[in-house]
Structures are given as structure tokens and as C-alpha cells.
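Chains A and B, in that order, give the protein sequences. Be aware that the first sequence starts at 18, since it is given in the numbering used here, and climbs by one per residue. Be aware that the second sequence starts at 18, since it is given in the numbering used here, and climbs by one per residue. C-beta atoms are modelled at their ideal positions from N, C-alpha and C, and glycine is treated no differently. Data first, discussion second: the structure below is written as C-alpha cells.
Protein chains: 2
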Amino acid sequence: MQVIKYPRPEPWPELLRRPALESAALEQTVKDILANVRTNGDAALRQYALEFDRSVVDEFLVSDSEYLDAESLVPQDLKDAIAAAKANIEKFHAVEKVERRVIETTPGVFCWTKLLPIEKIGLYVPAGSAPLFSTVLMLVIPAKLAGCKEIVLCSPPSANGTIDPVTLYAAKLCGVTSIFKIGGAQAVGAMAFGTESVPSVYKIFGPGNQFVTEAKLQVLRYGIAIDMPAGPSELAVLADETCVPSFVAADLLSQAEHGSDSQVILVSTSQAVIDEVLTEVDRQLESLPRKVLAKTALENSKAIFVDSIETGINLLNEYAPEHLIIATAEAEVVAETVTNAGSVFIGNYSCESAGDYASGTNHTLPTNGAARAYSGVSVTSFMKTITYQRITEEGIRNLGPVIETMAAAEGLDAHKNAVSIRREFIG
Amino acid sequence: MQVIKYPRPEPWPELLRRPALESAALEQTVKDILANVRTNGDAALRQYALEFDRSVVDEFLVSDSEYLDAESLVPQDLKDAIAAAKANIEKFHAVEKVERRVIETTPGVFCWTKLLPIEKIGLYVPAGSAPLFSTVLMLVIPAKLAGCKEIVLCSPPSANGTIDPVTLYAAKLCGVTSIFKIGGAQAVGAMAFGTESVPSVYKIFGPGNQFVTEAKLQVLRYGIAIDMPAGPSELAVLADETCVPSFVAADLLSQAEHGSDSQVILVSTSQAVIDEVLTEVDRQLESLPRKVLAKTALENSKAIFVDSIETGINLLNEYAPEHLIIATAEAEVVAETVTNAGSVFIGNYSCESAGDYASGTNHTLPTNGAARAYSGVSVTSFMKTITYQRITEEGIRNLGPVIETMAAAEGLDAHKNAVSIRREFIG
Numbered sequence: 018m019q020v021i022k023y024p025r026p027e028p029w030p031e032l033l034r035r036p037a038l039e040s041a042a043l044e045q046t047v048k049d050i051l052a053n054v055r056t057n058g059d060a061a062l063r064q065y066a067l068e069f070d071r072s073v074v075d076e077f078l079v080s081d082s083e084y085l086d087a088e089s090l091v092p093q094d095l096k097d098a099i100a101a102a103k104a105n106i107e108k109f110h111a112v113e114k115v116e117r118r119v120i121e122t123t124p125g126v127f128c129w130t131k132l133l134p135i136e137k138i139g140l141y142v143p144a145g146s147a148p149l150f151s152t153v154l155m156l157v158i159p160a161k162l163a164g165c166k167e168i169v170l171c172s173p174p175s176a177n178g179t180i181d182p183v184t185l186y187a188a189k190l191c192g193v194t195s196i197f198k199i200g201g202a203q204a205v206g207a208m209a210f211g212t213e214s215v216p217s218v219y220k221i222f223g224p225g226n227q228f229v230t231e232a233k234l235q236v237l238r239y240g241i242a243i244d245m246p247a248g249p250s251e252l253a254v255l256a257d258e259t260c261v262p263s264f265v266a267a268d269l270l271s272q273a274e275h276g277s278d279s280q281v282i283l284v285s286t287s288q289a290v291i292d293e294v295l296t297e298v299d300r301q302l303e304s305l306p307r308k309v310l311a312k313t314a315l316e317n318s319k320a321i322f323v324d325s326i327e328t329g330i331n332l333l334n335e336y337a338p339e340h341l342i343i344a345t346a347e348a349e350v351v352a353e354t355v356t357n358a359g360s361v362f363i364g365n366y367s368c369e370s371a372g373d374y375a376s377g378t379n380h381t382l383p384t385n386g387a388a389r390a391y392s393g394v395s396v397t398s399f400m401k402t403i404t405y406q407r408i409t410e411e412g413i414r415n416l417g418p419v420i421e422t423m424a425a426a427e428g429l430d431a432h433k434n435a436v437s438i439r440r441e442f443i444g
Numbered sequence: 018m019q020v021i022k023y024p025r026p027e028p029w030p031e032l033l034r035r036p037a038l039e040s041a042a043l044e045q046t047v048k049d050i051l052a053n054v055r056t057n058g059d060a061a062l063r064q065y066a067l068e069f070d071r072s073v074v075d076e077f078l079v080s081d082s083e084y085l086d087a088e089s090l091v092p093q094d095l096k097d098a099i100a101a102a103k104a105n106i107e108k109f110h111a112v113e114k115v116e117r118r119v120i121e122t123t124p125g126v127f128c129w130t131k132l133l134p135i136e137k138i139g140l141y142v143p144a145g146s147a148p149l150f151s152t153v154l155m156l157v158i159p160a161k162l163a164g165c166k167e168i169v170l171c172s173p174p175s176a177n178g179t180i181d182p183v184t185l186y187a188a189k190l191c192g193v194t195s196i197f198k199i200g201g202a203q204a205v206g207a208m209a210f211g212t213e214s215v216p217s218v219y220k221i222f223g224p225g226n227q228f229v230t231e232a233k234l235q236v237l238r239y240g241i242a243i244d245m246p247a248g249p250s251e252l253a254v255l256a257d258e259t260c261v262p263s264f265v266a267a268d269l270l271s272q273a274e275h276g277s278d279s280q281v282i283l284v285s286t287s288q289a290v291i292d293e294v295l296t297e298v299d300r301q302l303e304s305l306p307r308k309v310l311a312k313t314a315l316e317n318s319k320a321i322f323v324d325s326i327e328t329g330i331n332l333l334n335e336y337a338p339e340h341l342i343i344a345t346a347e348a349e350v351v352a353e354t355v356t357n358a359g360s361v362f363i364g365n366y367s368c369e370s371a372g373d374y375a376s377g378t379n380h381t382l383p384t385n386g387a388a389r390a391y392s393g394v395s396v397t398s399f400m401k402t403i404t405y406q407r408i409t410e411e412g413i414r415n416l417g418p419v420i421e422t423m424a425a426a427e428g429l430d431a432h433k434n435a436v437s438i439r440r441e442f443i444g
């Protein structure tokens with residue numbers, strides 16, 4: 018970890034810059050994959066399964082017997098843990114019924130809003146180095162609470178043509194409509210355009226590698242919505258002398274083990290804390306199975322020594338981390354001053370792992386500074402609003418002249434006429 | 018208008034297909050513009066002002082004296098109309114204060130959500146064939162209600178280097194922070210990357226031509242959020258024999274006059290209504306100043322004769338129109354069955370013009386079928402949520418084992434260790 022002392026505000030943007038991930042080659046590769054899936058459907062998917070997953074897939078749809086096999090492979094203690102996490106996630110995501118609020122903006126002009134589920138959604142769950150069944154919980158639970166009718170899930174098959182059993186178990190438990198053994202950019206294309214096997218959906222969610230992320234950005238052009246542009250996972254910790262350095266070290270490592278491109282930042286008002294945390298990081302790192310990944314991630318990471326908690330928060334608000342742990346005195350008061358972050362973990366016992374799995378909050382969060390403008394996934398991510406208006410004769414009498422004046426000033430006579438013809442009719 | 022009778026469901030997707038607007042050339046042009054703005058800042062903006070707007074711009078920022086000049090140019094009746102519209106839009110968009118709801122998902126695990134304004138936002142307001150000051154109201158009012166700190170607005174200068182006075186007046190009235198005389202893709206680039214004159218923002222809103230839309234899609238790659246991908250404006254009307262054909266015709270024309278690429282669809286259970294509306298359209302068209310634009314739009318438009326209101330609604334839900342007028346018996350009951358639309362106008366007196374200007378609902382709505390997954394602009398479009406969690410010793414004791422089991426099953430030992438080290442510490 019690089020240690021930086023008392024940075025003045027001027028170099029903050031430079032100091033906090035994430036590695037850029039631009040690539041024209043990636044863009045073209047994904048464009049070709051999407052075009053192929055759009056034109057050739059299942060045949061293209063079969064070709065890529067062989068090429069990228071080294072898997073011969075006859076039937077993309079996971080069958081009932083595959084579910085049953087999967088269920089028998091999941092140990093009971095893991096089933097119990099998943100049930101406990103599911104209960105917490107459901108509790109947190111449950112939406113209170115909001116009464117329809119009709120607003121009479123002008124006498125005779127009634128306006129209101131209705132929140133409705135997005136009918137068809139698609140979820141991508143990566144496999145790769147570790148199966149991420151927790152992502153299934155984090156996406157399917159809010160989708161079901163929102164009332165989505167059709168929930169399609171794609172996950173890459175292993176070389177023997179199967180999907181991780183825990184992923185299948187969690188998907189069935191939470192209520193996915195259908196699961197397909199398809200990975201990568203081609204899975205995003207299949208859900209965006211539809212193929213012989215895969216139905217098309219209206220919005221696509223879920224993490225993935227750079228091909229998946231690029232494909233999500235490209236299908237936006239075809240009217241498909243996406244949850245958010247995802248980047249490598251990030252954790253920032255703000256710590257003072259009240260923190261427990263071994264906890265902070267464990268948290269930094271839990272982020273670093275995600276991948277060599279993970280971003281980890283420690284901000285502290287205490288040089289002693291920084292020293293102790295770094296020593297602890299080295300010590301704990303030795304016993305980790307994913308040591309190599311974590312080590313590379315830590316090389317890109319920074320420990321920043323600041324003169325006050327306030328400076329630390331200003332710097333972190335500019336960085337807008339995905340996860341932010343506040344391990345300081347009066348952590349809850351400090352948390353109130355956060356303006357840009359995906360999720361905030363308050364106090365020494367609030368480790369990021371809790372939010373990743375089971376505390377109840379969603380772990381699909383904005384990365385790469387997107388927390389400045391994006392929210393994490395919630396039930397409303399699976400819904401959209403429609404506005405309504407009902408205008409009476411009285412309403413058009415009262416409001417008509419205002420509309421006519423404005424339409425005329427914009428040079429839109431037909432807009433004006435739509436009001437005038439009604440006013441004349443009423444007489 | 019093309020008249021189609023009793024279409025069976027199979028050809029609906031074909032029948033309802035919008036014209037595709039793909040262009041590799043457009044994509045490359047915009048890519049070059051954005052790269053130039055990113056590298057050369059104000060110099061690039063000056064070059065494009067000359068090239069595209071035929072305008073020599075020394076100072077992009079609109080000065081106080083320009084505001085004063087603009088104000089004196091806006092007639093009092095228009096000022097009054099704008100004030101009335103502003104009051105209605107504020108009433109509809111006002112957000113009720115929601116009490117913080119802390120959820121204890123497991124004893125000792127406290128989770129909650131906070132809604133915060135996006136600090137810096139950018140608005141694009143096109144000029145072109147008609148000045149669209151109503152867009153200023155529809156974007157700035159919710160941004161102010163959300164609490165955005167910095168509201169930057171860009172609008173293209175005319176050849177004499179000025180901006181439409183009503184746009185300036187409305188912007189000042191509603192509380193824009195700063196206005197810049199910049200148009201097109203280069204304006205989007207300026208707000209995304211920042212230049213010597215223009216501050217960078219976190220989210221960009223507003224309509225525009227295909228260059229602006231393409232630029233908004235491209236800046237997504239740089240972590241900038243956008244309101245939605247915008248396309249040509251659309252109106253669908255569902256009418257039965259209780260409608261007033263001259264009203265329906267006026268509404269269809271008000272949409273058609275937006276531009277030759279506007280989409281207009283009439284769905285009716287009555288052949289007589291279709292005939293009368295089409296006759297009225299021809300009659301009213303003659304007196305419209307924007308007759309040529311409207312005529313071209315109508316050529317791409319369709320009148321569809323269906324066997325029942327239910328079939329009509331099914332078809333329209335699949336089309337997902339930006340605006341939907343329901344001019345039928347029991348219009349409010351029919352409106353309850355709408356699942357995909359931007360905004361719904363109920364009954365004979367609810368013309369689209371009302372929502373465009375002054376009823377209070379927002380006129381920035383999803384087009385091109387995006388209403389299946391996107392919402393129109395609201396105060397929450399200018400905000401993002403942060404989730405929080407505070408876990409006590411008791412909380413980690415209760416929930417710790419669940420997290421450990423799940424982390425171990427995902428092969429993420431450092432995630433597990435972040436909990437284990439805390440459980441051991443508590444003893």
C-alpha cells in the first residue's frame with residue numbers, strides 16, 4: 018500500500034483517480050458478439066459456449082431434474098444460512114404500501130403517480146473464480162418484492178455443462194422464472210434481443226467481467242435498461258485511534274481478495290493506526306488462499322494520512338466509494354456528513370462482509386465514483402413510474418389560457434389548438 | 018395515416034416497430050467531438066460554435082446583463098403563464114418528507130436508507146426550430162426541490178451569439194446556477210469532462226437531436242449518469258365512440274407538429290371514429306404553420322381498428338407509448354389496466370398539451386418503448402440513495418455465523434475472516 022501524508026486538496030482528483038478501463042478492441046469484440054447473437058440466436062450462443070466456456074450445451078434452459086440434483090448437493094448449514102440472509106434481505110427491502118396521492122394542482126386538474134413492476138427482467142450471475150450465489154439473493158429478492166412477472170437468469174456453464182448448484186438452489190428458492198446456461202456478453206445479447214431459447218427482457222441487472230459490462234452499455238442503444246455500469250469493487254475505511262487495527266486490516270483484505278483490480282483506500286487521522294493496520298495486513302495476508310490476488314490489489318491501494326476527520330470525509334465524498342466503513346469516535350455523527358457513497362458501515366462491528374451477504378442491505382452498489390449520481394439496487398430498481406392526469410371541463414377552463422400562452426410562445430400552434438378546440442366546445 | 022383493421026397478436030411487434038435510428042457514422046462523429054472537447058476544452062467549444070451554430074462566442078457564460086435584457090423581452094402575460102405552470106409543477110413534484118425508517122433485521126443489526134441530492138447536475142435545452150423554455154421548468158424545478166447544489170444549463174447560441182430570452186428568463190426564475198451558450202454533442206462533452214469555462218457535473222438531463230442523444234450514451238462510459246436515452250416524441254390515443262373526434266385529431270396533430278420523426282398512433286374500437294378523426298386531421302392540418310412537419314409525421318403514423326378496448330390496451334402496453342390519451346367510456350377504469358406508458362391522460366379534456374406545459378406532471382418522459390423499464394423525470398431522478406448499517410457486538414454475535422458460512426461457500430476466506438476476527442475479539 019502506498020502511504021500518502023497530508024495531501025492538499027489540489028492533488029485530490031489525481032490521487033483518487035481509478036485506473037482507466039478503456040479499450041477500443043473490447044468494444045469491437047463485444048459489438049461483434051452482440052450482432053452475431055442478434056442475427057443467429059441460439060446457434061451463436063452454442064458457438065460461444067464452446068469457444069469461451071469450453072462447454073457443449075444442447076439445452077440452455079436448466080431442467081427440473083438439474084434443480085433437484087443441485088438441491089441435494091447443497092449442505093444443510095448453507096441452506097440455513099441462505100434462509101437467514103434471505104429473511105434479512107426481505108425485511109430490509111420490503112416496501113411500505115404508499116397510498117395513492119392525487120394532487121389537484123389547479124381546480125379541475127388531478128395528477129398522480131403510480132409505481133409499477135418492470136414486467137420482464139434479466140439477471141446475470143457470473144461464475145468464474147468463485148460462484149456468487151449471494152448475487153442471486155440480492156437481485157431476485159427485490160425483483161419478486163417489486164412484482165416482476167418474468168425473471169430470467171443467465172450464468173455461464175462449467176466445462177461439463179452444469180451451473181454451480183448453490184446458484185441454482187438460491188435461484189429456485191427466491192423464485193426465478195427460468196435459468197439459462199449462458200455466460201458473458203452473449204448472455205446479455207440473448208436477454209436483450211431474445212433467441213429461440215431465451216426470452217427478451219426489458220432491463221438487465223448483475224455484475225460481470227469487462228465483456229459483460231461493455232455488452233450492458235451497448236444494449237442501452239436498443240432500448241434495454243441496465244442497473245448501472247459496474248466496475249471493480251471498492252472499499253474505503255475512515256479510521257481514527259478508536260478503531261481496532263486488526264478489524265480494519267481484515268476489512269481491507271476482504272475487499273482486496275475480490276480481484277487484482279479491486280480498489281482499497283484507508284484514510285486515517287493517526288499515523289500509528291496506519292502503521293498498525295499495514296502490519297496487520299501483512300500478517301493476515303499470509304494465511305489467505307487468495308493471497309496473490311489480494312497482494313496485487315493492495316499494490317494499487319493507498320493509505321492516506323489526513324489532519325482531521327472532516328478532511329477525510331471531504332476527500333472520501335470526492336472519491337465516492339462503493340463501500341465506506343467509518344471506524345471512528347462518534348461514527349454515526351460522522352456518517353451523517355457522507356454525501357457520496359454506495360453503502361456506509363458504521364462502527365467497529367459493521368464489516369463489509371455483513372452487507373455483502375446477510376445484514377439485509379443490497380450488495381449491488383455503484384462503483385468507480387458512480388455513487389455521485391447512482392443508487393445501489395433496491396426494489397424501485399425493478400419498477401418504473403407512470404404519471405396520470407385527469408382534467409375536467411372546469412380544469413381546462415382554468416388552466417387552458419396558461420397552456421395556450423406557453424404553446425404560442427414556443428411556436429407550437431397545434432399544441433395551443435388542442436386546448437382552444439376544447440375551450441370553444443365548452444363555450 | 019395508415020389504417021389497419023383487426024390485427025392479430027402475431028404481427029403486433031412488426032406493426033408497432035419504430036423506425037430504427039442506428040448509424041455508425043453518427044457514433045464516430047460524436048466520439049470525435051467528445052475527444053476534442055475532452056482534450057482541448059474551450060478551444061474545441063469555440064471551434065464547434067463557429068462550425069455548427071455559425072456563432073462567434075467569446076464568453077460562454079451568460080452574464081447578468083444578458084439576463085436583464087432577456088427579462089425585459091418577455092411579455093407579462095407569458096411571465097404570468099410561466100408562474101402558473103411553475104406553481105403547478107412545484108405542487109406535483111413536491112416530495113413529502115419521509116421519516117428515517119431504521120430496520121433491525123436481526124437483533125443488533127440496524128439498516129436504513131437515505132435519499133440525497135446529486136450535488137452537480139447538467140441540463141441541456143435545445144433551441145433549433147422552436148425554443149423549448151418549458152423544458153427548463155420541467156428540469157430545474159425538480160432539481161431545486163431535490164436540493165441539487167450546482168445546476169448547469171447549456172443551450173445553443175443563435176448566429177448572433179444570444180440565447181432565447183424566455184429560456185434565460187425561465188432558467189433564472191427557477192434557480193439555475195449558471196448558463197452556457199453551448200449546443201449539441203459538444204455541450205454534453207463540456208458538462209461531462211469540464212472545460213476552462215464549464216464545470217463538470219455528475220448527471221446530464223434533457224432532450225436533444227441525435228447528436229446530443231448519442232453524446233449522452235457515450236459519456237455513460239466515463240461514469241456520467243443520464244436521465245434516459247431520448248428518441249422522437251410519441252402519442253397514442255385509445256378512443257371509442259364516446260370520444261370527441263375533433264379533440265382526438267387536435268391531439269394527434271399536436272404530437273405530429275414536433276417533427277417529421279414524431280410517432281402518432283390511434284387505436285379505436287369504432288371505424289366511424291377512425292374515419293371522423295382522419296377527416297378532422299385533414300381539416301385542421303390546413304391551418305397549421307408547421308403543416309409540412311406534421312404531414313410527414315402523419316405518413317409514418319397508424320390508425321388501428323381493434324375488436325375491444327381490452328385488445329387495444331394489450332397492444333398499447335406492448336407498444337409502451339411516451340404519452341397515452343384514453344378517450345373512452347369509463348376512462349379511469351381503463352387507465353388502471355395500463356402497464357407500460359410514460360404518462361396517461363384520462364378523458365376527453367385531458368389533452369397532452371396540458372402535461373407538456375402546465376398541469377404539473379413532468380414532460381420529460383421515456384420514448385421509443387423505454388417506458389417498459391424507465392420512468393419519466395421526477396425529483397428522485399435528481400437524487401440517489403445511500404444505504405447504512407450499524408452492527409453491534411450483539412449483532413455480529415447473532416449474524417456472524419451466517420456470514421461465515423456463506424463467505425466460505427463462495428470461497429472468499431478474507432470475507433469470512435472479517436467476521437471471525439470480530440467474533441474472537443468479543444470472545
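Ignore the nearest five residues each way along the sequence and tell me which others in A/Leu43's own chain have a CB closer than 8 Å to its CB.
If you number the first sequence from 1, residue 43 of chain A lands on position 26. Closer than 8 Å at the Cβ level, and outside the excluded window around A/Leu43, lie Gln227, Phe228 and Glu231.
Say whether the region 100 to 116 of chain A touches the region 134 to 147 of chain A, bearing in mind that this needs 3 or more beta-carbon pairs closer than 8 Å, one atom from each stretch.
No, because fewer than three Cβ pairs between the region 100 to 116 of chain A and the region 134 to 147 of chain A fall closer than 8 Å, the two stretches do not touch.
Count the other C-beta atoms from every protein chain shown that fall within 10 angstroms of the C-beta of B/Leu295, then say buried if there are 16 or more, exposed otherwise.
The residue labelled residue 295 of chain B in the question sits at position 278 within the second sequence. It counts as buried.
Beta-carbon contacts of B/Thr123 that lie in its chain and below 6 Å, excluding the five residues immediately before and after:
Counting from 1 along the second sequence, the entry for residue 123 of chain B is found at position 106. Once the five neighbours on either side are set aside, the close Cβ partners of B/Thr123 are Asn415 and Leu416.
At what residues does the alpha helix (DSSP H) containing B/Val142 begin and finish?
On the second sequence, residue 142 of chain B is found 125 positions in, with the first residue counted as 1. From DSSP, B/Val142 is part of no alpha helix (DSSP H); its letter is neither H nor E.
Roughly how many angstroms separate the alpha carbons of B/Glu327 and B/Pro182, rounded to a whole number?
Numbered from 1 along the second sequence, position 310 holds the residue referred to as residue 327 of chain B. Numbered from 1 along the second sequence, position 165 holds the residue referred to as residue 182 of chain B. Between B/Glu327 and B/Pro182, the C-alpha separation is close to 47 Å.
Short Cβ contact (8 Å threshold) for B/Gly412 with A/Tyr366
In the second sequence, residue 412 of chain B corresponds to position 395, counting from 1. In the first sequence, residue 366 of chain A corresponds to position 349, counting from 1. Closer than 8 Å, so yes.
Under three-state DSSP, which class holds A/Phe362?
Along the first sequence, read from residue 1 onward, the residue named residue 362 of chain A stands at position 345. Three-state result, A/Phe362: strand.
B/Cys368: contacting residues in chain A (beta-carbon distance under 7 Å):
Locating residue 368 of chain B in the second sequence gives position 351, counting from the first residue. Going along chain A in sequence order, the residues near B/Cys368 (Cβ under 7 Å) are Ala435, Val436 and Arg439.
Tell me which same chain residues have a C-beta within less than 8 Å of the C-beta of A/Ala352, skipping the five on either side of it?
For the purposes of this step, residue 352 of chain A is taken as residue 335 along the first sequence, with counting starting at 1. Taking A/Ala352 as the centre and dropping the five residues before and after it, the same chain places the C-beta of Ile343, Val361 and Ile363 closer than 8 Å to its C-beta, in chain order.
Looking at the C-beta of A/Val361, does it have a partner C-beta in chain B at a distance below 8 Å?
As a first step, residue 361 of chain A must be located in the first sequence, where it is residue number 344. Yes, contact with chain B.
So who's on the other strand from A/Val236, going by DSSP bridges?
By 1-based counting over the first sequence, the position of residue 236 of chain A is 219. Answer is none; A/Val236 lacks a bridge partner.
Can you tell me the Cα-Cα spacing of A/Lys137 and B/Phe322, whole angstroms?
For the purposes of this step, residue 137 of chain A is identified with residue 120 of the first sequence, where counting begins at 1. For the purposes of this step, residue 322 of chain B is identified with residue 305 of the second sequence, where counting begins at 1. Across the structure, A/Lys137 and B/Phe322 are spaced so that their CA atoms are roughly 28 Å apart.
Hey, is the region 242 to 260 of chain A in contact with the region 415 to 432 of chain B, meaning 3+ C-beta pairs nearer than 8 Å?
no
Please identify the residue among A/Arg34, A/Leu51 and A/Glu410 whose C-alpha is closest to the C-alpha of A/Thr212.
Counting from 1 along the first sequence, the entry for residue 212 of chain A is found at position 195. Here the closest residue by C-alpha is A/Leu51.
According to the neighbour-count rule (16 or more other Cβ atoms, all chains shown, within 10 Å of its Cβ), is B/Thr384 buried or exposed?
Counting from 1 along the second sequence, the entry for residue 384 of chain B is found at position 367. Buried.
Please list, in chain order, the chain A residues whose beta carbon lies closer than 7 Å to that of B/Thr123.
Looking up residue 123 of chain B in the second sequence gives position 106. Those are Asn105, listed as they occur along chain A.
Would you mind telling me which residues of chain A sit closer than 9 Å to B/Phe210, beta carbon to beta carbon, in chain order?
Here the question's residue 210 of chain B lines up with position 193 in the second sequence. Result: empty, since nearest Cβ-Cβ is about 12 Å, beyond 9 Å.
In whole angstroms, what is the alpha-carbon distance linking A/Lys48 and B/Ala209?
Here residue 48 of chain A is taken as the residue at index 31 of the first sequence, counted from 1. Here residue 209 of chain B is taken as the residue at index 192 of the second sequence, counted from 1. If I take the Cα positions, the gap works out to 24 Å.
State buried or exposed for B/Leu67, treating a residue as buried only when at least 16 other CB atoms are found within 10 Å of its CB.
Taking the second sequence and counting its residues from 1, one reaches residue 67 of chain B at position 50. Around the beta-carbon of B/Leu67, fewer than 16 other beta-carbon atoms lie within 10 Å, marking it exposed.
What is the rounded straight-line gap between the Cα of B/Ser80 and the Cα of B/Asp430?
Residue 80 of chain B sits at position 63 when you count from the first residue of the second sequence. Residue 430 of chain B sits at position 413 when you count from the first residue of the second sequence. B/Ser80 and B/Asp430: Cα-Cα distance of roughly 59 Å.
Own chain, CB closer than 7 Å to B/Thr402, minus 5 neighbours either side, in chain order
For the purposes of this step, residue 402 of chain B is taken as the residue at position 385 of the second sequence. So the qualifying residues of the chain are Thr130, Lys131 and Leu132.
Looking at B/Leu302 and the ligand NAD, is the gap between the Cβ and the nearest heavy atom below 7 Å?
This structure lacks the ligand NAD, and indeed carries no ligand of any kind.
Would you say B/Gln301 reaches chain A, if we count a Cβ-Cβ gap shorter than 8 Å as a contact?
On the second sequence, residue 301 of chain B is found 284 positions in, with the first residue counted as 1. Judged by the 8 Å Cβ criterion, B/Gln301 is in contact with chain A.
Based on the DSSP secondary-structure assignment, which residues constitute the bridge partners of A/Glu251?
As a first step, residue 251 of chain A is located in the first sequence; it is residue number 234 there, counting from the start. When beta bridges are read from the DSSP output, A/Glu251 appears opposite A/Gln280.
Taking 8 Å as the CB-CB cut-off, is B/Gly58 touching chain A?
As a first step, residue 58 of chain B must be located in the second sequence, where it is residue number 41. Among the residues facing chain A, B/Gly58 is not included, as its CB has no counterpart in that chain under 8 Å away.
According to the neighbour-count rule (16 or more other Cβ atoms, all chains shown, within 10 Å of its Cβ), is B/Gln406 buried or exposed?
Position 389 of the second sequence, counted from the first residue, corresponds to residue 406 of chain B. Its Cβ being crowded by 16 or more others within 10 Å, B/Gln406 is buried.
By how many angstroms is the C-alpha of A/Asn357 removed from the C-alpha of A/Ser392?
Counted from its first residue, the first sequence places residue 392 of chain A at position 375. Counted from its first residue, the first sequence places residue 357 of chain A at position 340. Going by the C-alpha atoms only, they are around 10 Å apart.
Quick check: is the beta carbon of B/Tyr186 nearer than 8 Å to any beta carbon in chain A?
To locate residue 186 of chain B, count along the second sequence from 1; it is residue 169. No - not a single Cβ of chain A is within 8 Å of the one on B/Tyr186.
Comparing alpha-carbon positions, which option in A/Asp244, A/Ala346 and A/Phe264 lies nearest A/Ala388?
Taking the first residue of the first sequence as 1, we reach residue 388 of chain A at position 371. It is A/Asp244 whose Cα lies nearest to the Cα of A/Ala388.
Chain B within 8 Å of A/Asn226, Cβ atoms only:
For the purposes of this step, residue 226 of chain A is taken as the residue at position 209 of the first sequence. With 8 Å as the cut-off, A/Asn226 does not count as an interface residue toward chain B.
Determine the extent of the alpha helix (DSSP H) in which A/His432 is found, giving its start and end residues.
Counting from one through the first sequence, the residue named residue 432 of chain A turns up at place 415. It spans Asp430 to Ile443 - the alpha helix (DSSP H) in which A/His432 sits, taken as one unbroken run.
Jot down the residue ranges of each uninterrupted alpha helix (DSSP H) in the region 176 to 248 of chain A, minimum 4 residues, whole runs only, in chain order.
You should have 182 to 191, 201 to 210 and 227 to 236.
Please name the residues in the region 38 to 52 of chain A whose beta-carbon is closer than 7 Å to at least one beta-carbon of chain B, in chain order.
Those would be none; no residue qualifies.
Using a Cβ-Cβ distance cut-off of 8 Å, determine whether B/Lys401 contacts chain A.
What you label residue 401 of chain B is simply residue 384 of the second sequence in a count that begins at 1. Judged by the 8 Å Cβ criterion, B/Lys401 is in contact with chain A.
In whole angstroms, what separates the C-alpha of A/Leu32 from that of A/Lys233?
By 1-based counting over the first sequence, the position of residue 32 of chain A is 15. By 1-based counting over the first sequence, the position of residue 233 of chain A is 216. Spanning the two alpha carbons is a distance of roughly 29 Å.
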